[in-house]
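S.K.: For the sequence shown, position 80 matches number 80 in this note's numbering, and the numbering has no gaps at all.
Before I ask anything, let me first share the structure, which is written out below as structure tokens.
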Amino acid sequence: MKKFSSLLAIIFSIMVFSQQQGKLRKVATVGFLNVENLWDTIRSADYIDGTKDIKNPAFHRSIPMDSIKFLEAEKYDGTWSDEALKGKKAIRYQSGSDEFTPSSPKNYNTKIYKAKLANEAKVISEMGAQYTKTAPAVVGLIEVENRQVIEDLIKEPALKKYDYGIIHYNSYDYRGIDVALIYQKRRFTPTNSLKKELKVFGDDGKREYTRDILVVTGFLDNEKVAFFMNHWPSRRGGEAISLPKRNAAAALLKQQMDSIRAADPSTKLFAMGDFNDDPVSSSLKNYLKAQPSPKDLSDNTPYLNLMYPLYKKGVASLAYQDAPNLFDQIIVSKNLVSDQVTKEYSVYKAEIFAPPYLVNKEGNYKGYPFRSWNGDQFTGGYSDHFPAFVVLQKEP
Numbered sequence: 001m002k003k004f005s006s007l008l009a010i011i012f013s014i015m016v017f018s019q020q021q022g023k024l025r026k027v028a029t030v031g032f033l034n035v036e037n038l039w040d041t042i043r044s045a046d047y048i049d050g051t052k053d054i055k056n057p058a059f060h061r062s063i064p065m066d067s068i069k070f071l072e073a074e075k076y077d078g079t080w081s082d083e084a085l086k087g088k089k090a091i092r093y094q095s096g097s098d099e100f101t102p103s104s105p106k107n108y109n110t111k112i113y114k115a116k117l118a119n120e121a122k123v124i125s126e127m128g129a130q131y132t133k134t135a136p137a138v139v140g141l142i143e144v145e146n147r148q149v150i151e152d153l154i155k156e157p158a159l160k161k162y163d164y165g166i167i168h169y170n171s172y173d174y175r176g177i178d179v180a181l182i183y184q185k186r187r188f189t190p191t192n193s194l195k196k197e198l199k200v201f202g203d204d205g206k207r208e209y210t211r212d213i214l215v216v217t218g219f220l221d222n223e224k225v226a227f228f229m230n231h232w233p234s235r236r237g238g239e240a241i242s243l244p245k246r247n248a249a250a251a252l253l254k255q256q257m258d259s260i261r262a263a264d265p266s267t268k269l270f271a272m273g274d275f276n277d278d279p280v281s282s283s284l285k286n287y288l289k290a291q292p293s294p295k296d297l298s299d300n301t302p303y304l305n306l307m308y309p310l311y312k313k314g315v316a317s318l319a320y321q322d323a324p325n326l327f328d329q330i331i332v333s334k335n336l337v338s339d340q341v342t343k344e345y346s347v348y349k350a351e352i353f354a355p356p357y358l359v360n361k362e363g364n365y366k367g368y369p370f371r372s373w374n375g376d377q378f379t380g381g382y383s384d385h386f387p388a389f390v391v392l393q394k395e396p
């Protein structure tokens, strides 16, 4: 098996806008991590109560399987989407839920669950802290089962003091995993949030259910911002065969980013997540049109991929099929790019976060991310992806 050794030599490579000089002033970290299957230990299903408003968390919620018999539901064989389920009550079973229970081969019990929570909380609390001396202001989460696991996560000792709020919607993903956002309430004030369903189809013409794109707008330290959390369709079946699905995700993301930018060009945009593609892939280059360098930015191409320079240096965030990839990326709008410190936030640094404890130190997977699972065996590790973050700076 190939080693991930090239990553270790360059993992702390940093993109710096070279003309930004002097001491950091007011700073904030925005980042995200794939928490690698953060499930609770209870076998669950999704309950959709279409009689409620779509914005109401009770419209689509995760429930213990034992609760189903107490709920009104109809037999439903139609399309799983918010619009189609308006006025209906239905149960959607999660294919991944059985895997993470005490009775599964993983023996996924409370002890393991608590270890997972502590591990993910530690990583979140330390992202960007070497620059800001505090935890991130805003953090995206990938592969969460439901809102409850996020509630449990932010109550962990490493995070509780930061008073994080939660923005989360259940998706119709076939496994039952979602994306979410947590934020320090004293620093970020959300004004609106929504999920955009990504509709992709297999060769047989049937819809394949995947994660939504989470769109959140608000004020970060009194500056108008928008966040777009992504977990694009995987490369299952092969990169080329699955690429059209990620192209569709890129087109949907661009439409959402363009819409917010058109409504108010001063809004600062952050698109981030696991794109299951590299910065040079067609989805990001040709559909999202994320640019590799500040010099390539214009009114027609306003989005900068902060991870492109790292990718060109060989930095990776995971190994897919034993090859290094940089699937975890942060893309920003051009109004976050400046060659000097001003009274508004601009990008100072962007990094893939890989301190020694996140790196596997031995065996066939030496140099890889220290993941939580090796088959059905809990390793005590953290994730199969390294997280990513961007540090912002401005005058106080």
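Beta carbons are placed, not taken as given, at the ideal position from N, Cα and C, and that holds for glycine.
Just tell me which of Val280, Ser283, Pro302 and Ala271 has its CA closest to the CA of Ala262.
M.R.: Pro302
S.K.: Measuring straight from C-alpha to C-alpha, what distance separates Ile166 and Tyr183?
M.R.: 7 Å
S.K.: At which residues does the beta strand (DSSP E) containing Arg92 begin and terminate?
M.R.: Lys89 to Tyr93
S.K.: Can you give the beta carbon distance from Val337 to Leu297, rounded, assuming they're within the 8 Å contact cut?
M.R.: 7 Å
S.K.: Can you tell me whether Lys349 is buried or exposed, with buried defined as 16 or more other CB within 10 angstroms of its CB?
M.R.: buried
S.K.: Closer than 6 Å by C-beta to Met272: which residues in its own chain qualify, once you throw out the five before and the five after it? Chain order, please.
M.R.: Phe32, Gly140 and Ile330
S.K.: My output table needs one value for Lys349: the three-state DSSP class, helix, strand or coil.
M.R.: strand
S.K.: Trp232 to Phe270, Cα distance in whole Å?
M.R.: C-alpha separation (whole angstroms): 16 Å.
S.K.: Just mark Phe188 as buried or exposed, buried being the case when its beta carbon has 16 or more other beta carbons within 10 Å.
M.R.: buried
S.K.: Quick one: give me the first and last residue of the beta strand (DSSP E) that Tyr303 is part of.
M.R.: Tyr303 to Asn305
S.K.: Can you check DSSP and say which residues form a bridge with Ser333?
M.R.: Answer by DSSP bridge pairing, in chain order: Tyr303.
S.K.: What's the gap between the Cα of Thr398 and the Cα of Lys111?
M.R.: Residue numbering for the chain in the displayed model covers 1 to 396; residue 398 lies beyond these limits and cannot be assessed.
S.K.: Please report the distance separating the alpha-carbon of Thr41 from that of Tyr113.
M.R.: 7 Å
S.K.: In angstroms with no decimal places, state the Cα-to-Cα distance between Asp278 and Leu304.
M.R.: Roughly 14 Å separates the two Cα atoms.
S.K.: Count the other CB atoms, across all protein chains shown, that sit within 10 Å of the CB of Ser259; report buried if there are 16 or more and exposed otherwise.
M.R.: exposed
S.K.: Leaving out the 5 sequence neighbours to the left and right, which residues in its chain are closer than 6 Å to Ala248 when beta-carbon positions are compared?
M.R.: Val200
S.K.: In whole angstroms, give me the CA-to-CA distance for Asp46 and Glu145.
M.R.: Near 10 Å, if we compare the C-alpha coordinates of Glu145 and Asp46.
S.K.: Specify whether the segment 375-395 and the segment 337-347 touch according to this definition: at least 3 beta carbon pairs, one from each stretch, less than 8 Å apart.
M.R.: yes
S.K.: Please state whether DSSP places Asp46 in a helix, a strand or coil.
M.R.: For Asp46, the secondary structure class from DSSP, reduced to helix, strand or coil, is strand.
S.K.: Which residue's Cα is closest to the Cα of Pro356: Gln340, Glu208 and Gly381?
M.R.: Gly381
S.K.: For chain B, is any of its Cβ atoms less than 8 Å away from the one on Gln184?
M.R.: This model lacks chain B altogether; it includes just one protein chain.
S.K.: Tell me Tyr183's beta-bridge partners as DSSP assigns them.
M.R.: Val138 and Gly165
S.K.: Which residue marks the beginning of the beta strand (DSSP E) containing Val123, and which one marks its end?
M.R.: Note, Val123: premise wrong, no beta strand (DSSP E); alpha helix (DSSP H) at Thr110 to Glu126.
S.K.: When you compare only the Cα positions, how much space is there between Ile150 and Lys196?
M.R.: Cα atoms of Ile150 and Lys196: separation of roughly 20 Å, rounded to the nearest angstrom.
S.K.: In chain order, what residues of the same chain lie with their CB nearer than 7 Å to the CB of Ser125, ignoring the 5 residues before and after it?
M.R.: Ala135, Ala158 and Leu159
S.K.: Does the structure place the segment 210-226 close enough to the segment 91-105 that three or more beta carbon pairs sit under 8 Å?
M.R.: no
S.K.: From Lys122 to His385, what does the alpha carbon distance come to, in whole angstroms?
M.R.: Rounded to whole angstroms, the gap between the alpha carbons of Lys122 and His385 is 15 Å.
S.K.: Taking a contact to mean a Cβ-Cβ separation below 8 Å, would you say Lys268 touches Asn335 in this structure?
M.R.: yes
S.K.: What residues in its chain sit with their C-beta under 7 Å from that of Met1, if we drop five residues either side in the sequence?
M.R.: Below a pLDDT of 50, predicted positions are generally treated as unreliable, and Met1, at 45, falls in that range; the measurement from the model is reported next regardless. Contacts found: Asp322 and Asn364.
S.K.: Return the CA-CA distance between Lys283 and Phe327, expressed in angstroms with no decimal places.
M.R.: What sits at residue 283 in the sequence shown is Ser, not Lys. Each residue's alpha carbon lies about 12 Å from the other.
S.K.: Quick check: Arg92 and Tyr169, are their CB atoms within less than 8 Å of each other?
M.R.: no
S.K.: What are the start and end residues of the alpha helix (DSSP H) that includes Asn247?
M.R.: Glu239 to Ala263
S.K.: Can you tell me which of the three DSSP states Pro355 falls into?
M.R.: coil
S.K.: Do Glu402 and Asn276 have their CB atoms nearer than 8 Å?
M.R.: Any question about residue 402 goes unanswered here, given that the chain covers just 1 to 396.
S.K.: Quick check on the DSSP output: the beta strand (DSSP E) that includes Ala388 runs from which residue to which?
M.R.: Ala388 to Lys394
S.K.: Express the C-alpha separation of Asp339 and Gln148 in angstroms, rounding to a whole number.
M.R.: Looking at the backbone, the Cα of Gln148 and that of Asp339 are separated by about 42 Å.
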